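A.B. asks:
See below:
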């Protein structure tokens, strides 16, 4: 896609003017609401940041996600429920170390990973807005299936559908916001996507707090079915949102793309034309690439591949999710009531549980090492892209002390050495 530019990046590395218009604010904020579905799902499943309150072997109350609700555990994971009630030989967290429960949780993330690969093709062919709409629709289907589930297999299939929806959303929403926002406001507006994830988590925690107290219906059905709300929000929003100029160019609509760019930038026609030419060049370079996935493995595109893999990996390996995981216990240990679990976020992976049971305190040292590694990597190898248009990101890598050795011409990709000065789009 156009946003994934590599060398040459089209546009010659200029900085394009653009005002923060009301239209840009509305479109970017509405588009960023796609993060709600991911955040809500994290908060609603809440596997470990939850526990049953038990006294003398009798269930009293629950704190956390649906996996802490006694009716939910009894129906789908009876082994976990009985360990929670009767087993005093394991720590609170190890009682949830169950294969089926882990499959229920992790199936979403596995599905999201593979869906994001497919979503890139859909996003390129049909546009960002329709990829967002499709993600919301699939997520809605999964939410409905989970709400009416009668067997654990229905739960897992529903989670897979949720994961596919999340994969489409995570792939298309940041791209949509980045392409709509003026380059100097791009970082600020992309933060709204992260904010919407956090809002989704908070909303899910509130829902989880009240639903166990429902007597008319099973509280867990309301919690899982509540995912329909963020799904409908992103579906309705994306249906009415315009496509980005980049997407319109990819679909062969230059007239509409130029008009949309003029509307979202709010500057003179001459200034708009300069950015339009840059986007058009990047789009043409992207279309010229026959094998994008093979192209990303070439030497000249190695900097982008390394950044794409290491940055999200470091985010997980620094252990921030483990800190969120421990929050309820930390709050309770200093005198807070069990409701303090609402103050914490939730763990997003499933391997942390097993690691915690086996590594104990060593888990903190494990993640501390990655924190040091991430800091060193960012300081020496991550170029600053603030104020740089998407189409011109290649120049910051070309000028970097280390990555410039990989910015080579086509012929040198096959020779493995540095070469000419002609650069091209990654086009992934």
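Numbering (our numbering), first residue to last: 1 to 428.
Note that the Cβ used here is the ideal one computed from N, Cα and C, for glycine as well.
It should be emphasised that the depicted structure is a prediction, and the values quoted were computed from it without experimental measurement.
1) Looking at residue 177: is its Cβ nearer than 7 angstroms to the Cβ of residue 32?
2) So residue 176 is in the alpha helix (DSSP H); what residue range does that whole segment cover?
3) Could you spell out where the alpha helix (DSSP H) holding residue 230 opens and where it closes?
4) Return the CA-CA distance between residue 337 and residue 206, expressed in angstroms with no decimal places.
5) According to DSSP, is residue 296 helix, strand or coil?
6) Tell me the residue span of the alpha helix (DSSP H) that contains residue 149.
7) Please report how far the alpha carbon of residue 20 lies from the alpha carbon of residue 185, in whole angstroms.
8) If you check the beta carbons only, do residue 119 and residue 106 fall under 7 angstroms apart?
9) Give the range of the alpha helix (DSSP H) segment to which residue 260 is assigned.
10) Across the region 223-241 and the region 139-152, are there enough close Cβ pairs to call them in contact, namely three or more that are closer than 8 angstroms?
11) Where do the N-terminal and C-terminal ends of the alpha helix (DSSP H) with residue 245 fall, by residue?
12) Would you kindly work out how many angstroms separate the C-alpha atoms of residue 402 and residue 396, rounded to a whole number?
13) Looking at the secondary structure, which residues open and close the alpha helix (DSSP H) in which residue 20 lies?
14) For the region 240-248 and the region 166-181, state whether three or more C-beta atom pairs, one from each stretch, are separated by less than 8 angstroms.
15) Please state whether DSSP places residue 127 in a helix, a strand or coil.
16) Report yes if the C-beta distance between residue 42 and residue 201 is below 7 angstroms; otherwise report no.
17) Does DSSP put residue 383 in a helix, in a strand, or in coil?
18) According to DSSP, simplified to helix, strand and coil, what is residue 214?
19) When the distance is taken between beta carbons, is residue 101 closer than 7 angstroms to residue 80?
20) Less than 7 angstroms between CB atoms is the rule here; does residue 253 satisfy it with respect to chain C?
21) Measure from the alpha carbon of residue 282 to the alpha carbon of each residue in 110, 394, 70, 83, then state which is nearest.
22) Would you tell me roughly how many angstroms separate the C-alpha atoms of residue 236 and residue 252, rounded to the nearest one?
23) Might you give, ordered along the chain, the residues of its own chain that have their beta carbon closer than 7 angstroms to the beta carbon of residue 441, omitting 5 neighbours on each side?
24) Consult DSSP for residue 268 and reduce its assignment to one of helix, strand or coil.
C.D. replies: Reading from the atomic positions:
1) Yes. Within cutoff.
2) Unbroken alpha helix (DSSP H) run through residue 176: 152-180.
3) In the DSSP assignment, residue 230 falls within the unbroken alpha helix (DSSP H) covering 228-240.
4) Any reading at residue 337 needs caution, since the residue's pLDDT is 43, under 50, leaving its predicted position unreliable; the model's value is listed next. C-alpha separation (whole angstroms): 16 angstroms.
5) Residue state, collapsed to three classes: coil.
6) Bounds of any alpha helix (DSSP H) do not take in residue 149, whose DSSP letter is neither H nor E.
7) About 8 angstroms.
8) Between residue 119 and residue 106, the C-beta spacing is not below 7 angstroms.
9) Where residue 260 is concerned, the enclosing alpha helix (DSSP H) stretches over 254-265.
10) By the criterion of at least three beta-carbon pairs nearer than 8 angstroms, the region 223-241 is in contact with the region 139-152.
11) Per DSSP, the continuous alpha helix (DSSP H) segment holding residue 245 begins and ends at 245-250.
12) Roughly 11 angstroms between the two C-alpha positions.
13) Element bounds for residue 20: n/a, residue is neither H nor E.
14) At 8 angstroms Cβ cutoff, the stretches touch.
15) Under the three-state reduction of DSSP, residue 127 is assigned to coil, being neither helix nor strand.
16) Contact: yes.
17) Coil, per DSSP.
18) Of the three classes helix, strand and coil, the one that applies to residue 214 here is coil, per DSSP.
19) In this structure, residue 101 lies closer than 7 angstroms to residue 80 by Cβ.
20) Chain labels in this structure do not include chain C; a single protein chain is all it has.
21) When 110, 394, 70, 83 are compared, the shortest CA-CA separation from residue 282 is found for 394.
22) Straight across, the Cα-Cα distance linking residue 236 with residue 252 is about 26 angstroms.
23) With the chain represented from 1 up to 428, any question about residue 441 goes unanswered, as that position is not in the structure.
24) Residue 268: coil per DSSP, three-state reduction.
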